[in-house]
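There are 8 protein chains.
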Amino acid sequence: MIFEKDDILVMAGDSVTDCGRMYEQPPAGWRSFGDGYVSMVDGFLAALYPELRIMVANKGVSGDDILLMEKRWDKDVLALNPDWVSIMIGINDVWRQFDGLLMHVQTVDQQAFKSTYRSIIERTLPTVKGMILLSPIMIEQSNDNPMKKMLVEYAHIAKELAVEYKLIYVDIQARIDAFLQELNEFILCSDRVHPNNKGHAIIAKAFLDAVGFDWTRT
Amino acid sequence: MIFEKDDILVMAGDSVTDCGRMYEQPPAGWRSFGDGYVSMVDGFLAALYPELRIMVANKGVSGDDILLMEKRWDKDVLALNPDWVSIMIGINDVWRQFDGLLMHVQTVDQQAFKSTYRSIIERTLPTVKGMILLSPIMIEQSNDNPMKKMLVEYAHIAKELAVEYKLIYVDIQARIDAFLQELNEFILCSDRVHPNNKGHAIIAKAFLDAVGFDWTRT
Amino acid sequence: MIFEKDDILVMAGDSVTDCGRMYEQPPAGWRSFGDGYVSMVDGFLAALYPELRIMVANKGVSGDDILLMEKRWDKDVLALNPDWVSIMIGINDVWRQFDGLLMHVQTVDQQAFKSTYRSIIERTLPTVKGMILLSPIMIEQSNDNPMKKMLVEYAHIAKELAVEYKLIYVDIQARIDAFLQELNEFILCSDRVHPNNKGHAIIAKAFLDAVGFDWTRT
Amino acid sequence: MIFEKDDILVMAGDSVTDCGRMYEQPPAGWRSFGDGYVSMVDGFLAALYPELRIMVANKGVSGDDILLMEKRWDKDVLALNPDWVSIMIGINDVWRQFDGLLMHVQTVDQQAFKSTYRSIIERTLPTVKGMILLSPIMIEQSNDNPMKKMLVEYAHIAKELAVEYKLIYVDIQARIDAFLQELNEFILCSDRVHPNNKGHAIIAKAFLDAVGFDWTRT
Amino acid sequence: MIFEKDDILVMAGDSVTDCGRMYEQPPAGWRSFGDGYVSMVDGFLAALYPELRIMVANKGVSGDDILLMEKRWDKDVLALNPDWVSIMIGINDVWRQFDGLLMHVQTVDQQAFKSTYRSIIERTLPTVKGMILLSPIMIEQSNDNPMKKMLVEYAHIAKELAVEYKLIYVDIQARIDAFLQELNEFILCSDRVHPNNKGHAIIAKAFLDAVGFDWTRT
Amino acid sequence: MIFEKDDILVMAGDSVTDCGRMYEQPPAGWRSFGDGYVSMVDGFLAALYPELRIMVANKGVSGDDILLMEKRWDKDVLALNPDWVSIMIGINDVWRQFDGLLMHVQTVDQQAFKSTYRSIIERTLPTVKGMILLSPIMIEQSNDNPMKKMLVEYAHIAKELAVEYKLIYVDIQARIDAFLQELNEFILCSDRVHPNNKGHAIIAKAFLDAVGFDWTRT
Amino acid sequence: MIFEKDDILVMAGDSVTDCGRMYEQPPAGWRSFGDGYVSMVDGFLAALYPELRIMVANKGVSGDDILLMEKRWDKDVLALNPDWVSIMIGINDVWRQFDGLLMHVQTVDQQAFKSTYRSIIERTLPTVKGMILLSPIMIEQSNDNPMKKMLVEYAHIAKELAVEYKLIYVDIQARIDAFLQELNEFILCSDRVHPNNKGHAIIAKAFLDAVGFDWTRT
Amino acid sequence: MIFEKDDILVMAGDSVTDCGRMYEQPPAGWRSFGDGYVSMVDGFLAALYPELRIMVANKGVSGDDILLMEKRWDKDVLALNPDWVSIMIGINDVWRQFDGLLMHVQTVDQQAFKSTYRSIIERTLPTVKGMILLSPIMIEQSNDNPMKKMLVEYAHIAKELAVEYKLIYVDIQARIDAFLQELNEFILCSDRVHPNNKGHAIIAKAFLDAVGFDWTRT
């Protein structure tokens, strides 16, 4: 596994990452993990690798698009001196172009998404051991769905940047799509965006697989 | 893995199983899982074995000892027509003998524990494919602690019954003890009884290992 | 318009009809209408046809499928001695076959849906001036979506019964589909089932058109 | 209809406009519309003219007289760059002269009402396509009622300004009065000032009629 | 004054009498008086006639018309063995004929009002020293208002019965009307039915005048 | 009566005056009066002297001694441009010398009480028509009670100042003492300091008597 | 000390005993003690005599007079099979004769108090090792206070019964009176009936002294 | 006893001292004591030494380690001009080294603990009559427990400082350990850190013994 003793892992993102974490708690403190994939990742890392003493901090913020996340990057992420940073962002950048159509809000086009994402990466890389980019997801089986189509393009940007900067890329959407071959989207969530415990298990499993988690441990 | 298509798994127990599940929800319904190991087990079973369509129902009740659990067994467990039943019970049977010392409450001695446990098994076995017994746990590193000592004896009863009836037995305490070789008990809980997300990850992992969960799946 | 002086119109259905109405209020009383299409229908009928003094009662109940609605029909609907009854039902009969897949709940197949619906109609028709059947809706643009497909079949049953018994049939789904040619589903709701004020305006407009509401009135 | 593609319509006013809208929501966002005529106007405009993508923002504030509304005009209304602005104001300017008699509050006489209203119009007109003035209303059938009498005079000022500046004027009071020929005021509200769903349907219908809404659409 | 040592006075009525009294309190107990005229009557009777030790019990119930009040008469009023009973009822009997027009509720016509009122009097008189009838009130200055007109007729019935049975009749409406010669109705209440502290002072003063309260006491 | 048309009366004091008034309300506004003597005074003044249009503002603040009241005098009292000011203060100046004995708080001796009271009077007199001083009260029948004894001395200071500045002085304590000749203190309050409706009726009656209220009015 | 190993002590009474205990807790369970003298007695008994394992159950009920307490005696007290029972009752029997004067409630005269108290003793004595009677208290320094006078007589009845049946009698009032020689009543409570932590320390100390508690223990 | 007339005793510490005290209350005010040992100490000091009029202020703050306590020392403790200061600190300094292992928080080593403690003592001693140091406690019977071991070392530092500066040292841990010879830790608390009423009785008794409290008083 890529994590080493005493490593600090900060997991940044939007509401899919946030999952009701208590903001007034200190990082990695009681009830600071939310009840989504971050809590599972923290739980399994500690449970099976206790000797590594890895600190996991949830820094997802509900409603964030990449511009909002970029504004709090220094204070929320870099200030923790992380060894590893994961990012799962993009659904709101896309969603606002659909549900915000009658609100005339400023949206984030692909160019802005890529340049902001790049800026975040470049500000972070010099001080960390590595970054892990997770694809944003839409829990929708049809690839013809317009929002799914657009989201796939934004996810592709994340993938391109991961390749360019040699970062770990975790294709969560691919795992979701495989699941939807078997069962419908309502098993994982009610609005195609916010997963329940089953959806978060998919994300956590994919993440841990990607970082070399050894599941044969007990 | 032992579970087959459309199997129903009912997980019975006390507050360690309950974990804040919403009682007014239908079995396996929204927010019916609590936020402990049952939610993780359900999440991973659905996420990685969607084709099996396994139903998981949390039937833990906070405060239950084996006598209280036995009283609700028909209505809470057998009425669901489960294919598999897991049981994690015993901590309150033991704890009351310590924290209840000045309350003069009726406690459950080992004989009553064993006979009631046996009765539950015998009423259940004829209608299910199998049962899985989980050891109750105390998150305490010292084997000289009097309550830990007593709990180990109760856990041993569960193990004896598992052997006698050829049931799967999952030694959660052994996993906890291994963890406590590396890190102290406060990492897993604050009162040595109710685990946090890290403690529940240990339980869920042990359970899934015991039922033949294939972690190489994605 | 089909309604006459002093007519009582009872609008039955599920959560799309219910919309947060206060159950403890008397029929047609303060805050009894919910904040969906029933409130709009009541508002426009009273506002533009004050001389008719039409009473509108919301009898939607969140979570109802047709079996649950049938059980409360006498007490909730017929007891009010309605002149007209509208029904918008079916989404839960279908939805449970998707989101309830891992809950092993009893679902309502098309045969049961049709026979129960028929029973409701036959118990009602003798005492009313007429019935108005509204198609259940899914706010989903793709006709290939499996749940949409199934829902269309259930809606078709409602239509068949309307034809058979010569009832007014309002094809709400057709109006929704037309809207989705122009704008995406997130403009009307977040989960493809429960409409916001824009979605309810579509329903209310379709209903009022169907009953011969004269929009040139002021 | 007067509205064109991508137009922004800001509807300003007092509590009759506000209707419990959530102030912390972004303009045109979820639950930002209140549950009065603005929600109905937004609903019907979106439902029947989806291709126009009209944004509707509720900027009513409970308790506002014209002086209070004028103070927040830049920040609340002009800052949104509206194409169209509607105003329904005046009831509090009049009401305070009745219910505030023993509070010795500063009230707004007709001269101040007119000059402030004029100032608002002149600051707004250069940047918008048009303005729509709605008469304030009192739901009282007797024209001899002193407050009704005074309100009619204030409404007349709004009408004079509409004529002078060639703005659309919507005589809501006339519609209310017509209704009260048939049914009493308690059908529309309990305090003669704050309408229920029926009263708001009258306002919304009058507004939409005035802007050329095509009710034959489906 | 008509009250004598240790007399029990029960004041029955609707929401004008109730005024938020706490039902779970014993009669005449802490917070049992509501914050309307009953609290003032009790306060002044005790304050200025402490030697009489008069017990005052509020038995108003919000929403009551005379039929509803009649149903609880034995349990709520006679069971207290009152020496004196006051009644202020009728506004809901009339109001429902206006605000309930679209609810098709059973209303209380003048004949039913009179016969029920008479029945209440006849059941009460044999066991009490006397009864005091208060006119119901509408705080509306125009005698042409249809609801005011009708209420006056119902009040007249109360007066006729008072004359017939030689009971004290207190014409609260006359006091209200005199007030409205000087100040408008909004000074006394917002909805013309439920008085504020000023309106209740008028009622309390009228009641105490009618029972011979000696205001020169200190 | 001493009050004239359009007079503003501000009633200052401590919790006995405050009585749960809503601070966020404008002076003399809805629910601004509390539920004690101020509400009764306002009620009777408006009810029986509507032509005078007297404004009554409650400016009691719970917990205030004279030093705390003096600090808010400009903002709370003089800023309202009152014609008349009433003051009922002193119980906390005395009480703190009893219940605060173990808190080592700074207390207000008689000299400080008198000089601060004098300062308040002198700052107020030039801009008002008159001031009315009410004695603070302790609802305790024994004149040997040490706190009662001390309070009487503080009340005497208020009386001396009233004489010196020719202000109206209302001896509420004398009325309370007279009441306690007939009934015990628990009839008026539970803690000998905060009156219930009966106690407040005594205060309101005494105040209105002192200002020449004509109780023969109707 | 009189208590022996495994003794059960039930402490019965009114609100002075109750002190906010949680009724849904089992006897001697978490938060079952209230925050008054019972909690202190339980605390010191357990802290300094751990080897005795004494169970202490709070069975005070707010508002109880001796009649109400007698009605629940079997279920609340005897059902616990106590070895020792303490009773502190009487303040409400007396208080109601003062604060209930205008409520015409049935009060408990000395004869009824004595006979009911005697009945309770006689039903209890056969099954317990002993009973401890605590005087009810009024925290009032003047012996001329009418309620204090009456309470002293009721306390005397308790003392007489203690003598007659050779029970332990604890004169709490004497301790309170001694305290009031030094400090005033507001140091111990605000309403002369319900003590704060200081008042409860007096009660607990007196009780423990009376049962032979050895304060030299550590 | 060491305390003299009018002495002020400030009791500083962490959550064991805090015990839910209300921060908005003035020192020694109503509900300012929490429900732990400070409330008992205050209660017994006032109850049995009323003539000394000792003021007791609870200045415990939940979560404090010695660094956090040091930061608020001037404002929270010295500003009260205490005559005596007690300190019970250290459990969080130690606990964070166990439960904070995965949070990478700055912890307080023994050197920092001692130097900060020394600084607090030296800033305090010049202005007080004396200081009383209480050992922090862990309610754990095994001296082999790693956290207990470490805590004993921190407690030893407090003892060393007490010796060096000739302060009173109260070995609470010794009392707890003695108790645990007889009964298990769950009798005193659920998490081995926060005592219940029994645990606080041990602390209060030990403190009062240490300051020469005369338990033979009544």
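Protein sequence lines correspond, in order, to chains C, A, Z, D, B, H, U and X. Residue numbers 1 to 218, in the working numbering, belong to the letters of the first sequence in order. Residue numbers 1 to 218, in the working numbering, belong to the letters of the second sequence in order. Residue numbers 1 to 218, in the working numbering, belong to the letters of the third sequence in order. Residue numbers 1 to 218, in the working numbering, belong to the letters of the fourth sequence in order. Residue numbers 1 to 218, in the working numbering, belong to the letters of the fifth sequence in order. Residue numbers 1 to 218, in the working numbering, belong to the letters of the sixth sequence in order. Residue numbers 1 to 218, in the working numbering, belong to the letters of the seventh sequence in order. Residue numbers 1 to 218, in the working numbering, belong to the letters of the eighth sequence in order. Cβ coordinates follow ideal geometry from the N, Cα and C atoms, glycine included.
- Taking 8 Å as the upper bound for CB-CB distance, C/Leu-161 and C/Leu-133 are in contact here, some 7 Å apart.
- Residue state for A/Trp-73 is assigned as helix, using DSSP reduced to three classes.
- Nearest to D/Met-1 by alpha-carbon distance, out of D/Thr-218, D/Gly-212, D/Thr-216, D/Arg-217, is D/Gly-212.
- Along the stretch 11-38 of chain X, the positions whose C-beta sits under 7 Å from a C-beta of chain U are Phe-33, Asp-35, read in chain order.
- Neighbourhood of Z/Phe-98 in chain C, by CB distance below 7 Å: Asn-184, Phe-186, in chain order.
- Interface with chain Z (8 Å Cβ-Cβ cutoff): C/Leu-101 is included.
- For B/Leu-134, the enclosing beta strand (DSSP E) starts and ends at 130-134.
- A distance of 8 Å or more separates the beta carbons of Z/Arg-96 and B/Leu-102.
- Taken in chain order, the whole alpha helix (DSSP H) runs of length 4 or more contained in the stretch 152-182 of chain A are 172-182.
- Scanning Z/Asn-143, Z/Ile-157, Z/Asp-144, Z/Trp-73 for the CA closest to the CA of Z/Thr-124 turns up Z/Trp-73.
- For Z/Met-55, the neighbours in chain B by C-beta distance under 8 Å run, in chain order, Leu-102, Met-103, His-104.
- Rounded to whole angstroms, the separation of the alpha carbons of U/Glu-164 and U/Trp-84 is 18 Å.
- Between the stretch 174-188 of chain A and the stretch 144-158 of chain A there are fewer than three inter-stretch CB-CB distances shorter than 8 Å, so the stretches are not counted as touching.
- Residue burial is scored here from C-beta neighbours: U/Asn-81 has fewer than 16 other C-beta atoms within 10 angstroms and is therefore classed as exposed.
- About 6 Å separates the beta carbons of U/Met-69 and U/Ala-12, which is inside the 8 Å limit, making them a contact pair.
- Check the Cα spacing between C/Leu-167 and each of C/Val-94, C/Met-150, C/Ile-87: the tightest is with C/Ile-87.
- Residue-level contact check: B/Met-147 touches chain D, since one or more beta carbons of chain D fall below 8 Å from its beta carbon.
- Identification of residues in the stretch 178-212 of chain C having a C-beta nearer than 8 Å to some C-beta of chain X yields an empty set.
- Taking every protein chain shown into account, the CB of A/Glu-182 has fewer than 16 other CB atoms within 10 angstroms, so this residue is exposed.
- The DSSP-derived three-state label of U/Ile-2 is coil.
- Counting the other Cβ atoms within 10 Å of the Cβ of A/Lys-71 gives fewer than 16, which makes it exposed.
- If you draw a straight line from the Cα of Z/Ile-137 to the Cα of Z/Asn-92, it comes to about 10 Å.
- At a cut-off of 8 Å between C-beta atoms, A/Ser-142 counts as an interface residue with respect to chain X.
- Between the beta-carbon of Z/Asp-209 and that of C/Phe-186 there is about 32 Å, and that puts the pair past the 8 Å contact cut.
- Partner residues in a beta bridge of C/Ile-66, as assigned by DSSP, do not exist.
- Residue contact check for A/Ala-46 against chain C: a CB pair falls below 8 Å.
- Uninterrupted alpha helix (DSSP H) stretches at least 4 residues long and entirely within the stretch 7-73 of chain H occur at 15-18, 37-48, 66-71, given in chain order.
- Judged by DSSP in its simplified three-state form, B/Val-94 adopts helix.
- Rounded to the nearest whole angstrom, the CA to CA distance from B/Gln-110 to B/Lys-149 is 13 Å.
- Contact check for D/Gly-36 and D/Val-16: beta-carbon distance about 7 Å, within the 8 Å limit, so the pair qualifies.
- By the Cβ neighbour-count rule, H/Gln-106 is exposed, with fewer than 16 other Cβ atoms within 10 Å of its own.
- Secondary structure at X/Ser-115: helix, using DSSP grouped into helix, strand and coil.
- Nearest to U/His-104 by alpha-carbon distance, out of B/Pro-26, B/Asp-191, B/Val-38, B/Thr-216, is B/Pro-26.
- Between the alpha carbons of Z/Ala-112 and Z/Ile-139 lies a gap of roughly 24 Å.
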